[in-house]
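Here the sequence shown is numbered in numbering that gives the first Met the number 0, starting from 0 and rising by one per residue.
See below for the structure under consideration.
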Amino acid sequence: MNIAIPKAGRKFKGILTRLAKNKSGLALTEFAYSLPIFTGLGMVGLETAHFTVTQLRVSQAALNLSDNASRMGQATSSATARTVFEGDVNQMLTGMQLQAANIDLFEKGRVVLSSLEMNGDGGQWIHWQRCAGDKTTYTSAYGPENTGSSGTGFAGMGESGNEITATSGSGVMFVEVFYEYEPLFGDMFYTDRVIRHQAAFNIRDTRNLSVGIGSDGETASTCS
């Protein structure tokens, strides 16, 4: 027995058939489904690149400060040992601030510059220390100024068991940088974290170590 399909039903069936065969909107539909995925992947890639570049900039700033500090000092003649003054240190720190201005290093971080030397007992000694940056809660991981002033109990600065040490009559400019990284997209992919970098250079020229830092009327960038 044949059942007649109403005209409206046949029309609706035809619409469904044509819709099932119609592929004109397929690309748009696929794009709509894939867009959130590719957007997420793009955001992850952008955040990762931003974090990597920031790490590199902090590392370069630490290396440059240590390198520049190893060369600083003033001498009246080529035969005279160089003396470091407060103004010299301030100039080094200002240069670092300008170099890392694109990541607001001094607003979001802290820089510690230490002069590692050998004390009178043959041990290691942080003779002087200067700091800069608004995040004053960060301090040297190896102690304040005058750590190791006597004895041989202070092993030096750097990774435990592989410390950097100064030789007699010379010194090491040791830099520690702390930077509070803020992700581009909040904590969606990366959480707030502290980027830490260290750098060290031996003093390049003969330096008058006995005076530490000479006074020249400039304000000292102390760590306190």
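Even glycine gets a Cβ: it sits at the ideal position worked out from N, Cα and C.
The structure presented is a predicted model; accordingly, all values stated were derived computationally and were not measured.
**Asked** What residues match up with ASN201 in a beta bridge as DSSP calls it?
**Response** In the sequence shown, residue 201 corresponds to position 202, counting from 1. Its beta-bridge partners are VAL171.
**Asked** So, are the CB atoms of ALA198 and LEU62 less than 8 Å apart?
**Response** Along the sequence shown, one-based indexing puts residue 198 at 199. Along the sequence shown, one-based indexing puts residue 62 at 63. Yes, they are a contact pair.
**Message:** Please list the terminal residues of the continuous alpha helix (DSSP H) segment that includes GLY94.
**Reply:** Indexing the sequence shown from 1 puts residue 94 at position 95. It spans 85–98 - the alpha helix (DSSP H) in which GLY94 sits, taken as one unbroken run.
**Request:** Determine the DSSP secondary structure at PHE224, reduced to helix, strand or coil.
**Result:** No information on residue 224 is available, as it lies outside the stretch 0 to 223 that the chain covers here.
**Message:** Taking 8 Å as the threshold (C-beta atoms), are GLY122 and PHE153 in contact?
**Reply:** Position 154 of the sequence shown, counting from 1, holds the residue named residue 153. Position 123 of the sequence shown, counting from 1, holds the residue named residue 122. Taking 8 Å as the Cβ cut-off, PHE153 and GLY122 qualify as a contacting pair.
**Request:** Tell me, to the nearest whole angstrom, how far the beta carbon of MET117 is from that of TRP124; I am working on the premise that it is less than 8 Å.
**Result:** Start at 1 with the first residue of the sequence shown, and residue 117 comes out as number 118. Start at 1 with the first residue of the sequence shown, and residue 124 comes out as number 125. Their Cβ separation, rounded to whole angstroms, is 7 Å, which keeps MET117 and TRP124 in contact under 8 Å.
**Request:** Compare the beta carbon distance of GLY170 and LEU208 with 8 Å and say whether it is the shorter of the two.
**Result:** Numbered from its first residue, the sequence shown carries residue 170 at position 171. Numbered from its first residue, the sequence shown carries residue 208 at position 209. Contact flag set, yes.
**Prompt:** Within 10 angstroms of its Cβ, does MET187 collect 16 or more other Cβ (buried), or is it exposed?
**Reply:** Taking the first residue of the sequence shown as position 1, residue 187 is located at position 188. Counting Cβ neighbours within 10 Å, MET187 comes out exposed, since fewer than 16 surround it.
**For ARG195, the residue or residues it bridges with in DSSP** = Residue numbering aside, residue 195 sits at position 196 when the sequence shown is read from its first letter. DSSP output for ARG195 lists PHE177 as bridge partner(s).
**As assigned by DSSP and simplified to three states, the class of ALA219** = What you label residue 219 is simply residue 220 of the sequence shown in a count that begins at 1. It is coil, neither helix nor strand.
**Request:** On a CA-only basis, which of GLY157, ILE102, LEU34, ALA131 is nearest TYR141? Give me that one, please.
**Result:** On the sequence shown, residue 141 is found 142 positions in, with the first residue counted as 1. It is GLY157.
**Prompt:** Among THR28, GLN59, ARG56, LEU64, which has the Cα closest to the Cα of PHE173?
**Reply:** Stepping through the sequence shown from its first residue, residue 173 is reached at position 174. It is LEU64 whose Cα lies nearest to the Cα of PHE173.
**Message:** Report the CB separation of ALA60 from MET95 in whole angstroms; it is logged as a contact under 8 Å.
**Reply:** Residue numbering aside, residue 60 sits at position 61 when the sequence shown is read from its first letter. Residue numbering aside, residue 95 sits at position 96 when the sequence shown is read from its first letter. Yes, they are in contact, since the Cβ atoms of ALA60 and MET95 sit about 6 Å apart, within 8 Å.
**Request:** Along the beta strand (DSSP E) that carries LEU208, what are the first and last residues, could you check?
**Result:** Position 209 of the sequence shown, counting from 1, holds the residue named residue 208. It is not in any beta strand (DSSP E) - LEU208 carries neither H nor E in the DSSP assignment.
**Asked** Shortest alpha-carbon distance to SER148 belongs to which of GLU217, GLY72, GLY211, ASP66?
**Response** Taking the sequence shown and counting its residues from 1, one reaches residue 148 at position 149. Answer by Cα proximity: GLY211.
**Request:** Assuming THR85 contacts GLU217 (C-beta within less than 8 Å), just tell me the rounded distance between them.
**Result:** By one-based count along the sequence shown, residue 85 stands at place 86. By one-based count along the sequence shown, residue 217 stands at place 218. Reading off the sequence, residue 85 comes out as Glu, not Thr. That belief holds up - the Cβ atoms of GLU85 and GLU217 are roughly 4 Å apart, short of 8 Å.
**Message:** For THR164 and GLY155, what's the separation of their Cα atoms in angstroms?
**Reply:** On the sequence shown, residue 164 is found 165 positions in, with the first residue counted as 1. On the sequence shown, residue 155 is found 156 positions in, with the first residue counted as 1. Those two C-alpha atoms are separated by around 5 Å.
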